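From first to last, the protein sequence lines stand for chains A and B.
Just so we're aligned, residue 57 is where the first sequence starts under the working numbering, counting upward by one.
Just so we're aligned, residue 34 is where the second sequence starts under the working numbering, counting upward by one.
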Amino acid sequence: MSERLTVVFDDEDLYRRLKVTAARRGQPAKQLIEDAVRSYLGEDLDSRPPKPFDWAQFEEWQSEVDALDADAGDGAPANLSAITGHRYEVAEQGPALRIAEGRTEYDSR
Amino acid sequence: MIRILVDASALVPLEVGRDQWRARVLAILRELTKAGRFELVTTSWTLYEALAIVQRRDRSRVAHLFARASNLMHVVRVGPAAEAEALRRFLTWADKTASIVDHANLLVALETGCDAVISFDDDFRPLVAGTALRLVR
């Protein structure tokens, strides 16, 4: 169902840019406005088809990871999920890392 | 269907087998699968953050993570409204240690009707407090 809304542009230059862009793209101005509002408000997952977690697909991914890791060897850092440390390049012993990740021992098995 | 947001701290271990949290993430997903149908959600910012972190280990793995995560999860773009509010919270909520990405993740989780968040980042804990979201770790 369509809904009607009248918009008064106080910024004439913005309105002009809208019309020019719509003409350049060959789209109606209302399409650009709809796209802009949709983009501004973010996505509505309920309007998208559901994406139930697929365990078989997940297992396939993890098998590939195991194979790639086996090829890569042991030289790489293992605490990559210490996000705060990576974001701010905080040293491993720093307080931010302690707050974010605690002192959990790494288990390579 | 239950909807769960995945934080970068839970996304990275899915691509890096030696990561300290991998076993825990696998156990969580196994438990959720036994419990019923659910869908995973992440944000574009979180995915990009995870890609940047994985890149440090192995550049060749980023395309693999992107493809697999995009197939398995809803990747929600952080819109300008969420970005503006995340920035406002980051700048004004002086008692929180969370990053802008954490704030944006929380906003997207709430806006998209998520029930829980998988995160091993303690900065997330105070953000979730007071919301209906459950922190899974």
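Note that beta-carbon positions come from the ideal geometry of N, C-alpha and C, so glycine has one too.
Just so it is clear, the structure is predicted and the values come from calculations on it, not from any experiment.
Please confirm if residue i has its CB atom under 8 Å from at least one CB of chain B.
i, result
"residue 148(A)", "Unreliable positioning characterises residue 148(A) in this predicted model, as indicated by a pLDDT of 47, which lies under 50. The coordinate reading is nonetheless provided below. With 8 Å as the cut-off, residue 148(A) does not count as an interface residue toward chain B."
"residue 68(A)", "no"
"residue 63(A)", "no"
"residue 120(A)", "yes"
"residue 74(A)", "no"
"residue 153(A)", "Because residue 153(A) carries a pLDDT of 43, less than 50, the predicted location of this residue cannot be relied on, and the following value inherits that uncertainty. With 8 Å as the cut-off, residue 153(A) does not count as an interface residue toward chain B."
"residue 156(A)", "Note on residue 156(A): pLDDT 45, under 50, position unreliable in the model; no value is reported."
"residue 128(A)", "yes"
With a threshold of 8 Å between beta carbons, is residue i in contact with chain A?
i, result
"residue 168(B)", "no"
"residue 75(B)", "no"
"residue 164(B)", "no"
"residue 113(B)", "yes"
"residue 136(B)", "no"
"residue 161(B)", "no"
"residue 150(B)", "no"
"residue 122(B)", "no"
"residue 62(B)", "yes"
"residue 141(B)", "yes"
"residue 80(B)", "no"
"residue 47(B)", "yes"
"residue 125(B)", "no"
Can residue i and residue j be called in contact, C-beta distance under 8 Å?
i, j, result
"residue 128(A)", "residue 91(B)", "yes"
"residue 134(B)", "residue 61(B)", "no"
"residue 113(A)", "residue 44(B)", "no"
"residue 152(B)", "residue 42(B)", "yes"
"residue 80(B)", "residue 58(B)", "no"
"residue 66(B)", "residue 109(A)", "yes"
"residue 74(A)", "residue 88(A)", "yes"
"residue 94(B)", "residue 124(A)", "yes"
"residue 131(B)", "residue 166(B)", "no"
"residue 63(B)", "residue 117(A)", "no"
"residue 48(B)", "residue 120(B)", "no"
Thinking C-alpha only, which one of the options is nearest residue i?
i, options, result
"residue 73(B)", "149(B), 167(B) and 117(B)", "149(B)"
"residue 122(A)", "160(B), 50(B), 42(B) and 162(B)", "50(B)"
"residue 141(B)", "65(B), 120(B), 75(B) and 82(B)", "75(B)"
"residue 156(B)", "95(B), 136(B) and 54(B)", "136(B)"
"residue 115(B)", "138(B), 95(B), 124(B) and 64(B)", "138(B)"
"residue 128(B)", "69(B), 110(B), 158(B) and 113(B)", "158(B)"
"residue 101(A)", "83(B), 154(B) and 147(B)", "147(B)"
"residue 111(B)", "86(B), 56(B) and 82(B)", "82(B)"
Interfacial residues, the region 79-111 of chain A to chain B, with Cβ spacing under 8 Å: For the region 79-111 of chain A, the residues whose beta carbon sits under 8 Å from a beta carbon of chain B are, in order, 95, 96, 97, 98, 99, 100, 101, 102, 104, 106, 107, 108, 109, 110 and 111.
Within the region 56-141 of chain B, ranges of the beta strand (DSSP E) (whole runs, at least 3 residues): Unbroken beta strand (DSSP E) stretches of 3 residues or longer found wholly inside the region 56-141 of chain B: 71-76 and 106-109, given in chain order.
Contact set between the region 90-120 of chain B and chain A, restricted to residues whose Cβ is under 8 Å from the partner: From the region 90-120 of chain B, only 90, 91, 94, 97, 101, 104, 105, 106, 107, 109, 110, 111, 112, 113, 114 and 115 have a Cβ closer than 8 Å to chain A.
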